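The structure appears right after this line, and notes come after that.
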Amino acid sequence: MTTLVQEQDDHDEHHAIPTGIKRWLYTTNHKDIGTLYLWFAFIMFLIGGAMAMVIRAELFQPGLQIVEPHFFNQMTTVHGLIMVFGAVMPAFTGLANWMIPLMIGAPDMALPRMNNLSFWILPFAFLILLMSLFMEGGGPAFGWTFYAPLSTTYSGDSTALFVFSVHIMGISSIMGAINVIVTIWNMRAPGMTWMKMPLFVWTWFITAFLLIAVMPVLAGVVTMVLTDKFFGTSFFDAAGGGDPVMFQHIFWFFGHPEVYIMILPAFGVISAIVPTFSRKKLFGYSSMVYATASIALLSFVVWAHHMFTTGMPVFGELFFMYCTMLISVPTGVKVFNWVATMWRGSISYEVPMLFAIAFIILFTIGGFSGLMLAITPADFQYHDTYFVVAHFHYVLVTGAIFSIIAGTYYWLPKWTGVMYDVTLARAHFWCSLISVNLLFFPMHFVGLAGMPRRIPDYSIQFADFNQWISIGGFAFGLSQLIFLALLIKACRKKGKPVDTQVWEGAEGLEWQVPSPAPYHTFDKPPEIK
Amino acid sequence: METKPDNKKLIYRLCIAVAFMFGFGFALVPLYDVFCQITGINGRVVVNASEDELQTVDESRLVTVEFITRIANGNNMTFEALTKRVQLHPGQLSEVAFTVKNPSDVQAYAQAIPSVSPGQASLFLNKTECFCFQQQELEANETVTYPMKFYLDRDLPHSISLLTVSYTLYKVGTGAVVSVSQEGKRNVESL
């Protein structure tokens, strides 16, 4: 798409970089902050994953064995919150910080100090959330969706800590989004027109607008929960003229665009990887941009498909059902374009490509179960069962997380300057692929058979399937330790040095800077032809 | 790197957007109420009608109205519908009764919140007299029987032949006057 004609001068000589902890605390460098975000997200992924292991250990057999139901509820709640706000979102922000300036030929993000702040408030948010688990009465136990009145009337005092930590996460995301928009708007290299931007930049640009639109609504709804619980307001309390169903409307007005916040950047990553290893240009670039924008717009008018069983009028149910199904059209365009990009390409199966292909297939499975859930009458059966759990884990684990892993394998050599241990990476891929399907695929069946989600016990007939699911869960959890080992090895620069290009078929400005990417890049804007 | 002036303008606009969306989250609360008032989708519309506006009775159809009662958590009163079920023609005035008992030794205030299923039917349930219009004061150990007079609007859709009216009784305080909740006073005609 673009070629760069520029002599790379020695970038490392600019000025002294502070060493030790100060380098990371004071840094305003987009690459350092990107690295911080990515490591933070990975640590959160392991912590949230450990909670999932507790859940799967308890569900290994019917009956109550390991944990109290109240603790089980805290595990499901905090697992969800950490994975959504602590793992997936910061990981994408980390990729954005690292890659957007490199992809558009900018020297850094537009607002580097705010960038530092938006990262460094995050550990405090999660510290508050995790510490609440050790309070008397325990941490939040009302599900990550914190429906009223569970979070208002029936919750513990730690709800206040939950609210504050969500506020901090929201502020961090909003600052990150503002930074991304200003960077993309104002700092593109000369000649980098809108329709020349790599798709990862486009998808993040649209995601940032979604974040600005809905994170403030989340901040509003948690504030209402806080005042309802502690200050006697009645937003969601029928006795004072409120309505608990309204909570669900406001929450899902945030919540549905939120799921696209977690998947649109994934589309960008996959759109970068598939052409590289197919050695073809991305099929239908502009249709990809328009499809992303349509998905983002449609995401605002589908929220009540999470609420089909709340007793909406039939007209409302049909409206939300058809709007939801409409989203499968732009999503289908994307899947079609990826497949068309691979069609007759000279494909090679490097690790990023393996994860990308797994993404396309498994995300599509998640999309199909989403279509099933969109059918109003069918949803009455699926609602709040493991079928829903299977659906959103297919789109979030084999969708969002697989794309983050794929992106990491794709850009890691550029970050570290060495090729990672490919044997370990392949082991990581195959172990993850097999275990993740063992983990989530049977959930479809137990869900269809009626096993409810968020319950620590189940009927005896689900025992065999749950045992398989748990084994898959433990295996998937352990597989991620291979990834950890690989990352530590790569960060210690153990491996074969790579050249500037890294991947033979890769295109874009990020492949024009040396490997490892110097601390400062594009001090002089590149020329784009 | 210094912040370019065009950055400032863009940041300013984005911050306005954030502030606007934060406000919009709260604006959803009254918007939701207005939307529900107009469409009746949450079944909580209270139509405060007058007996002067009585319509001619539509004798061509009979509609069943059921009454159920619920006590909110933390309320020790007892609350019962004396009439569980009536059959009537649209336009026909009907009277049913409910009893509330305050078993405690202190004066208490209670507020009943109605909910109609199917929700849309709440727009056509015209109440001329209801204890749910305001808070009720109950002396210590007092039992009160409240009448409730209503008629169904002739425009009630023909698809609705059964309405369930549910009242949830909340205790809103003891011994002191608490301001009347808005919901109880809602009046569709005033919109």
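The listed protein sequences correspond, in order, to chains A and B.
If you use this note's numbering, the first sequence closes out at 1016, no skipped numbers anywhere.
If you use this note's numbering, the second sequence closes out at 1267, no skipped numbers anywhere.
Think of the CB as a built atom: it goes at the ideal place given N, C-alpha and C, for glycine as much as any other residue.
Everything numeric in this text was worked out from a predicted model, so none of it was measured.
Just verifying my parser: in three-state terms, what is the DSSP assignment at Met590(A)? In the three-state reduction of the DSSP assignment, Met590(A) falls in the helix class, which pools H, G and I.
Any beta carbon from chain B within less than 9 Å of Thr640(A)'s own beta carbon? It does: the Cβ of Thr640(A) has a partner Cβ on chain B nearer than 9 Å.
Using a 10 Å radius around the Cβ and a threshold of 16 neighbouring Cβ atoms, would you call Arg1161(B) buried or exposed? Arg1161(B) should be labelled exposed.
Does the stretch 529–548 of chain A come within contact of the stretch 598–606 of chain A, defined as at least 3 CB pairs closer than 8 Å? With a cut-off of 8 Å, the stretch 598–606 of chain A and the stretch 529–548 of chain A do not count as touching, because too few Cβ pairs lie within range.
Taking just the CA atoms, how far does Phe889(A) sit from Ile814(A)? Roughly 22 Å separates the two Cα atoms.
Does chain A have any CB closer than 9 Å to the CB of Ser1193(B)? Output row for Ser1193(B): interface = yes.
Name the two residues that bound the continuous beta strand (DSSP E) containing Ala1184(B). According to the DSSP assignment, Ala1184(B) belongs to the beta strand (DSSP E) that extends over Ala1184 to Ser1193.
Taking CB distances under 9 Å as the criterion, tell me whether Gln1212(B) reaches chain A. No, its Cβ sits nowhere closer than 9 Å to a Cβ of chain A.
Answer with yes or no whether the minimum CB distance from Ile1117(B) to chain A is below 9 Å. Yes, its Cβ sits closer than 9 Å to a Cβ of chain A.
Pair within 9 Å by beta-carbon distance, Trp902(A) and Leu925(A): Taking 9 Å as the Cβ cut-off, Trp902(A) and Leu925(A) do not qualify as a contacting pair.
First and last residue of the uninterrupted alpha helix (DSSP H) at Ser605(A): Element bounds for Ser605(A): Pro599 to Trp607.
Do Gly1101(B) and Val761(A) come within 9 Å of each other at the CB atom, strictly closer than that value? No, they are not a contact pair.
Counting only Cβ pairs nearer than 7 Å, list the residues of chain A close to Asn1083(B). By Cβ distance, chain A contributes Ala597, Val669 and Asn673.
Taking 9 Å as the threshold (beta carbon to beta carbon), is Phe1155(B) in contact with chain A? So, not an interface residue.
Using only the alpha-carbon positions, how far apart do Pro594(A) and Glu991(A) sit? Looking at the two C-alpha atoms, the distance is approximately 25 Å.
Which residues does DSSP list as the beta-bridge partners of Tyr1243(B)? Its beta-bridge partners are Thr1145(B) and Pro1190(B).
Where the alpha helix (DSSP H) through Ser1136(B) begins and ends: Unbroken run through Ser1136(B): none, as it is neither H nor E.
Taking C-alpha atoms, which residue in Val701(A), Ala503(A) and Leu617(A) lies nearest to Ile530(A)? The shortest C-alpha separation from Ile530(A) is found at Leu617(A).
Quick one: Cα of Val909(A) to Cα of Leu523(A), how far? If you take the alpha carbons of Val909(A) and Leu523(A), they lie about 24 Å apart.
Could you tell me whether the Cβ of Val746(A) comes closer than 9 Å to any Cβ of chain B? Closer than 9 Å: no.
Whole angstroms are fine: how far does the CA of Phe823(A) sit from the CA of Glu1259(B)? Confidence in Glu1259(B) is poor, its pLDDT being 42 and thus under 50, which makes the residue's placement too unreliable to answer from.
Chain B contact residues for Ala706(A), given Cβ-Cβ distances below 8 Å: The CB of Ala706(A) comes closer than 8 Å to the CB of Phe1098 and Gly1101 in chain B, given here in chain order.
So if I threshold CB-CB distances at 9 Å, which residues from the stretch 698–732 of chain A count as touching chain B? Of all residues in the stretch 698–732 of chain A, those with a C-beta nearer than 9 Å to a C-beta of chain B are Ile699, Ala700, Val701, Met702, Pro703, Val704, Leu705, Ala706, Gly707, Val708, Thr710, Met711, Ser721, Phe722, Asp724, Ala725, Ala726, Gly727, Gly728, Gly729, Asp730 and Val732, reading in chain order.
Closer than 9 Å between beta carbons: that is the criterion. Which residues of the stretch 1174–1193 of chain B meet it against chain D? Of the protein chains in the structure, A and B, none is chain D.
Name, please, each residue of chain A whose Cβ falls closer than 8 Å to the Cβ of Ile1087(B). Chain A residues near Ile1087(B): Leu598, Ile665 and Val669.
Helix, strand or coil for Phe1226(B), going by three-state DSSP, please let me know. For Phe1226(B), the secondary structure class from DSSP, reduced to helix, strand or coil, is strand.
Since Thr1175(B) sits in a beta bridge, which residues does DSSP pair it with? Here Thr1175(B) is bridged, per DSSP, to Glu1156(B) and Thr1221(B).
Which residue marks the beginning of the beta strand (DSSP E) containing Thr714(A), and which one marks its end? Where Thr714(A) is concerned, there is no enclosing beta strand (DSSP E), although the alpha helix (DSSP H) it sits in stretches over Leu686 to Phe717.
Per DSSP, what kind of secondary structure is Pro610(A) in: helix, strand or coil? Shown here, Pro610(A) sits in a helix according to DSSP, grouped into three states.
Give every residue of the same chain whose Cβ lies closer than 7 Å to the Cβ of Trp691(A), excluding the five residues on either side of it in the sequence, and list them in chain order. For Trp691(A), the CB contacts under 7 Å within the same chain, skipping 5 residues up- and downstream, are Ala583, Ile587, Val667, Pro752 and Gly755 in chain order.
Residue interval of the alpha helix (DSSP H) (run including Gln988(A)): Taken as a continuous stretch (DSSP letters only), Gln988(A) belongs to no alpha helix (DSSP H), as it is neither H nor E.
Under 9 Å between the Cβ atoms of Pro900(A) and Ser1002(A)? Yes, they are a contact pair.
Looking at chain B, is there any beta carbon in it that lies within less than 9 Å of the beta carbon of Phe527(A)? Phe527(A) does not count as touching chain B.
Own chain partners of Pro939(A) with C-beta closer than 7 Å, once the 5 adjacent residues on each side are dropped: Annotation for Pro939(A): Asp871 and Thr872 place their beta carbon closer than 7 Å to its own, counting only its chain and skipping 5 residues before and after.
Counterpart residues of Leu1214(B) in DSSP-defined beta bridges: BP columns for Leu1214(B) point to Ala1184(B).
In this structure, does DSSP put Asn1151(B) in helix, strand or coil? In the structure shown, Asn1151(B) falls within a coil segment according to DSSP collapsed to helix, strand and coil.
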